[in-house]
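Asks: Chains as they are written, first to last, in this note's numbering: chain A, 2 to 297; chain B, 11 to 529.
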Amino acid sequence: MKLVRCAALALLFAAAAGAAEVWYEAYDAALKAIAAQQWPVAEIRLKSAIKEGPRPGRRVRTYGMQFIDYVPGYQLGLVYSRQQRHAEALEELRKVAASGLYADADPEAKAIAQMIQAAEAAVAPRTAKVDPPKPTAEPSPRATEAAVEPARATLPSRPSDPPPAPSAIPIQKSAEPRVAVVTPAMRPTPESRASTARPTDDRRQQALRAFFGGDYETSQRLLDGLAAGAAPTAETLFYLGASYAAQSFMSDTQRDQLQRQAKLRFAEARRKNPAFRADPRLVSPRILRLFEQSGS
Amino acid sequence: MSSRHALAALAAATLACGGAFAQEPPSSTQLGVSVGSGARALGMGGAFIAVADDASAASWNPAGLAILQRPEASFVWKALDRQTQSIAANTSAFRDASVSTTASFTGSVERTSSRSPDFVSISYPFRIHGMKFVGQLDYQRAIELGYHRRTLQRGATVSHSRRALLGGPPGLEDTTTSSALDDRETGGVDVLVSSLAASVHPKLLFGVSLNFWRNGSVLEESSAGETVACSASLAATGARSCSQDESKLSGSARQGFAGVSVNLGAIVRPTRKLRLGLVFKGPFTMELERLRSFESDLEHRGPDGNANRFTRFTRRENGSIEWPATLGAGVAFQPQDALVLSADVTTTLWSRARYRYRYDSETVDGNPAPQSYNTVERYTENAEVLWPTRTSPSGFAYDPSDPYRARRQNDTYQARFGLEYLVTWKTLAFPLRAGTFLDRQFFTDTDGGAVLSRGVSAGVGVSWKNLSLDAAFVRQEMHYSLDYSERVPSRGIELQELQSSGPNSVTSSRLYLSAIVRF
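What follows is the structure, given as structure tokens:
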């Protein structure tokens, strides 16, 4: 019995010496807090997970044979963004973008790039005010490299699995004006370079940025204009429906009307391209559910 | 009873004694009281007390359940092949009015082969006032009792009668015996477990399991033997005459276990890379009921005439086993994200295990015709013996006066070491596992030294999304020798010398296949 008592005491001391939270439980709690739009709680839990947890990556083991995509920087960037702390969001998101976790072709990389653009747009006017001699908000390549270098050193070189679905993250409206600024962290692809030359694609990109930034009224307005054009794409019609759907979830008085509009646009998108499928990692499951209902 | 019958009885008794020497009780590992289940754990050599972070956790350390974040269900299937070989050469000398020497050879091969579900569980995490709990219900085959054993015995006795000293004619008698036994037992002891674990602190987990022990086994046995006893008079006639006894036996036995025990566990995670575990399996009383019956027929042919005799035997036994406590401690270290190293030490206090029983037996012995020769003998006994040393493999207590069985019984110790390395590819993870263990048995060898069982294990698996499939192979070997020698002085000039020696080995191969689904 003496041995048992000694062992029990040793366990208690060891526990007392340990840190306060298990990293994956903190991360899980953070994801739940994000879903509940409890940004300060999410921030605390994410920072706890980052402090205690392993290197971010895809297929990171939590316990047993349970694996998760662990990209807390991405969620932290989002949390900062939702709290209008765009400079911090920008820093976190740039770290994730520079970490090499996602290939350029990954939808997640595109989503992160769009979030970076939105954050940069929000940061740009402030930067201009603070530093009048430098009218551009674009940080120098050298400074950006320095900012992301620590993350690059610690993150896995090439992951192979999708990150936590951005669709699980509720989107909040932002009142900040948005201006597209291209940074070294999000260099334009040839496609996007080409698209900047066309006003229609410009509007589409602007609309999508507004959508992923949570400004659904703007995305709806811009996409409505595109849908009224000559040949709207199924994607345009889908995101128009998604904009209506997102607004419906936040409206008590016009919920049914907005959802009807959403379903109409979804149905049009289906007619345009019966094979069209939205990426579930980019869009909320509730919106996808409405999309599915529109086809039944 | 004629002198030849007495000699035949002596030879038979010696052979039976030799059989007892050769048939050792199973190892504590085979008893399964301190080993859990699951291909992942057993692939790591069973060093899982500090790891215990999947649906098989309750069988190793109930505290490990509190690690689970999501509901899980698991199923483990086991294939067991075990072979026990024993060879014993037995001699005895008995001196009184005659001088007799008996030599016998006993070879026994016991094979256990079973294919059955080993573990099924379902666990569910929940929170009460912010504290995380995980409940689990599971079933485990805790003790595998199934086996199929064939035993061959050969023996010879030579006796020089000195009856001349006492006024009778001197003579030389010799007896040869042979027998073949075939035992087949099926079943095992199962445990239904209800567990609850709580994360009382993010780094400190506690768990408790309530174990309901049930079920048992059925034994079918049959044997055939032949004894040829010859005698030659040393008087002037020198005549030699022989008699032959043929015996057949068929019997059955049932035993059922019932008991309730409690396991307590704790796990502490001082850092992300280190985990310590402690488990205590409390002592408890296991109720045991046994019923045995057999029928044997003996056909005697000889110069003194032919005769048939039969024996009908029934025995009812009720007892309780003071099952010993088990204490285990483990450590798991994760130097890299893909690598886990673990080590356990476990002890079970088998020196304190006792079996108290009472049995009532009835033996009907006689000649089928005429019935008047039949005798009925009833016997009742209350006794306390060591468990499991003082019980035969078929589960019945040996004679407490048996000198070999009177040896003390040791506590067992197990040391286990394991590692797990993860290889990931796209959305798949492939764990590779290896382990080794040492298991000191509760019985001793000839010199009273520890008998060690050694084992190695290897395992592989694949994990994809919410499904994990694992396989493990465990190989275990135990070699020991039992040399026994004793001189038993008896009345006056009588002296009995018993000697037995021979190697024994137990080898077992186990294959575990596990599936774990997370919801």
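Built from N, CA and C at the ideal position, the CB exists for glycine as well.
So with CB distances below 8 Å, who are the chain B contacts of Tyr71(A)?
Replies: Those within 8 Å of Tyr71(A) in chain B number zero; the least Cβ separation is about 10 Å.
Asks: Taking 6 Å as the limit between beta carbons, can you name the residues of its chain near Gln262(A), skipping five residues before and five after?
Replies: These residues qualify, in order along the chain: Tyr245.
Asks: Are the C-beta atoms of Tyr64(A) and some chain B residue less than 7 Å apart?
Replies: Yes, its Cβ sits closer than 7 Å to a Cβ of chain B.
Asks: What is the residue span of the beta strand (DSSP E) that Trp474(B) lies within?
Replies: Unbroken beta strand (DSSP E) run through Trp474(B): Ala460 to Trp474.
Asks: Can you tell me whether Pro29(A) is helix, strand or coil according to DSSP?
Replies: What sits at residue 29(A) in the sequence shown is Asp, not Pro. It is helical.
Asks: Give the residues of chain A in contact with Gln611(B), contact being defined as C-beta atoms less than 9 Å apart.
Replies: Residue 611(B) lies beyond the residue range present for chain B, which begins at 11 and ends at 529; the question has no answer from this structure.
Asks: Which residue from Val466(B), Ile77(B), His158(B) and Thr373(B) puts its Cα closest to that of Leu229(B)?
Replies: Nearest option by C-alpha distance: His158(B).
Asks: For Asp29(A), go through chain B and note every residue whose CB falls closer than 8 Å to its CB, in chain order.
Replies: Simply Gln79.
Asks: Taking the alpha-carbon positions, what's the Val527(B) to Thr196(B) distance?
Replies: Val527(B) and Thr196(B): Cα-Cα distance of roughly 31 Å.
Asks: What is the DSSP secondary structure of Arg291(A), reduced to helix, strand or coil?
Replies: Position check: residue 291(A) holds Leu in this sequence, whereas Arg was assumed. It is helical.
Asks: I'd like the span of the alpha helix (DSSP H) that includes Gly46(B), first residue to last.
Replies: Unbroken run through Gly46(B): none, as it is neither H nor E.
Asks: What's the gap between the Cα of Ala444(B) and the Cα of Ala468(B)?
Replies: So the alpha carbons of these two residues sit roughly 4 Å apart.
Asks: Which residues mark the beginning and the end of the beta strand (DSSP E) in which Glu309(B) is found?
Replies: Where Glu309(B) is concerned, the enclosing beta strand (DSSP E) stretches over Phe294 to Arg311.
Asks: Taking Ala439(B) and Leu432(B) to be in contact with their CB atoms under 8 Å, please state how far apart those CB atoms are, rounded to whole angstroms.
Replies: Right, their Cβ atoms sit about 6 Å apart.
Asks: Thinking Gly340(B) and Ser330(B) are a contact (beta carbons under 8 Å), I'd like their distance in whole angstroms, please.
Replies: Rounded, the Cβ-Cβ distance is 31 Å, inconsistent with contact.
Asks: Report yes if the CB atom of Arg266(A) is closer than 7 Å to the CB atom of Gly296(A), and no otherwise.
Replies: No; because the gap between Cβ atoms is not below 7 Å, this pair is not in contact.
Asks: Does the segment 32-42 of chain A come close enough to the segment 286-293 of chain B to have 3 or more Cβ pairs within less than 8 Å?
Replies: They do not touch, by the three-pair rule.
Asks: Exposed or buried, what is Asp370(B) when buried is set at 16 or more other beta-carbons lying within 10 Å of its beta-carbon?
Replies: Under this definition Asp370(B) is an exposed residue.
Asks: In the DSSP assignment, find the alpha helix (DSSP H) that holds Arg222(A) and state where it starts and stops.
Replies: Arg222(A) -> alpha helix (DSSP H) spans Tyr217 to Ala228.
Asks: Output, in sequence order along the chain, the residues in the segment 269-286 of chain B whose CB is closer than 9 Å to any CB in chain A.
Replies: So the close ones are Ala276, Ile277, Val278, Arg279, Pro280, Thr281, Arg282, Leu284 and Leu286.
Asks: Mind checking whether Asn392(B) and Arg368(B) have CB atoms under 7 Å apart?
Replies: Against a cut-off of 7 Å, the Cβ pair of Arg368(B) and Asn392(B) comes out as a contact.
Asks: Could you check whether the Cβ of Glu109(A) sits closer than 7 Å to any Cβ belonging to chain B?
Replies: It does not; no Cβ of chain B falls within 7 Å.
Asks: Any Cβ of chain A within less than 7 Å of the Cβ of Asp347(B)?
Replies: Yes, Asp347(B) counts as interfacial toward chain A.
Asks: Give me the chain B residues within the contact set of Val23(A), using Cβ-Cβ distance strictly less than 9 Å, ordered along the chain.
Replies: What Val23(A) touches in chain B: Ile77, Ser209, Pro212, Lys213, Arg279 and Arg282.
Asks: Between Ala207(B), Leu215(B) and Ser189(B), which has its C-alpha nearest Val238(B)'s C-alpha?
Replies: It is Ser189(B).
Asks: List, in chain order, every chain B residue whose beta-carbon is nearer than 8 Å to that of Pro55(A).
Replies: Simply Arg282 and Asp347.
Asks: Looking only at C-alpha atoms, which of Tyr423(B), Ser515(B) and Gln93(B) sits nearest to Thr122(B)?
Replies: Taking only the C-alpha atoms, the option nearest Thr122(B) is Gln93(B).
Asks: Flag Asp64(B) as yes if its beta-carbon sits less than 7 Å from any beta-carbon of chain A, otherwise no.
Replies: Closer than 7 Å: yes.
Asks: Taking the alpha carbon of Leu396(B) as the point to measure from, which residue in Thr434(B), Arg366(B) and Lys88(B) has its own alpha carbon closest?
Replies: Ranking the options by Cα distance to Leu396(B), first place goes to Arg366(B).
Asks: Along chain A, which residues have their Cβ under 9 Å away from the Cβ of Ala439(B)?
Replies: The answer, in chain order, is Arg60, Arg62, Met66 and Phe68.
Asks: Can you tell me which of Gly55(B), Val470(B), Gly48(B) and Ser47(B) puts its alpha carbon nearest to the alpha carbon of Leu448(B)?
Replies: Closest option to Leu448(B), Cα to Cα, is Gly55(B).
Asks: Using a Cβ-Cβ cutoff of less than 7 Å, which residues in the same chain neighbour Gly46(B) once the five nearest sequence positions on both sides are dropped?
Replies: Cβ within range, chain order: Phe58, Ser66, Ser69 and Trp70.
Asks: Thinking Glu297(B) and Gly269(B) are a contact (beta carbons under 8 Å), I'd like their distance in whole angstroms, please.
Replies: Right, the Cβ-Cβ distance comes to about 6 Å (below 8 Å), so this counts as a contact.
Asks: How would you list, in chain order, the residues of chain A whose beta-carbon sits under 8 Å from the beta-carbon of Leu432(B)?
Replies: Result: Arg62.
Asks: If contact is defined by three or more beta carbon pairs under 8 Å, each pair taking one atom from either stretch, is the segment 268-287 of chain B in contact with the segment 217-226 of chain B?
Replies: As far as the Cβ criterion goes, the segment 217-226 of chain B touches the segment 268-287 of chain B, which means the pair count is three or higher.
Asks: Tell me the rounded alpha-carbon separation between Ala154(A) and Tyr103(A).
Replies: Unreliable placement is indicated for Ala154(A), whose pLDDT of 31 sits below 50; the coordinate value is still reported in the next sentence. Each residue's Cα considered, the two are about 15 Å apart.
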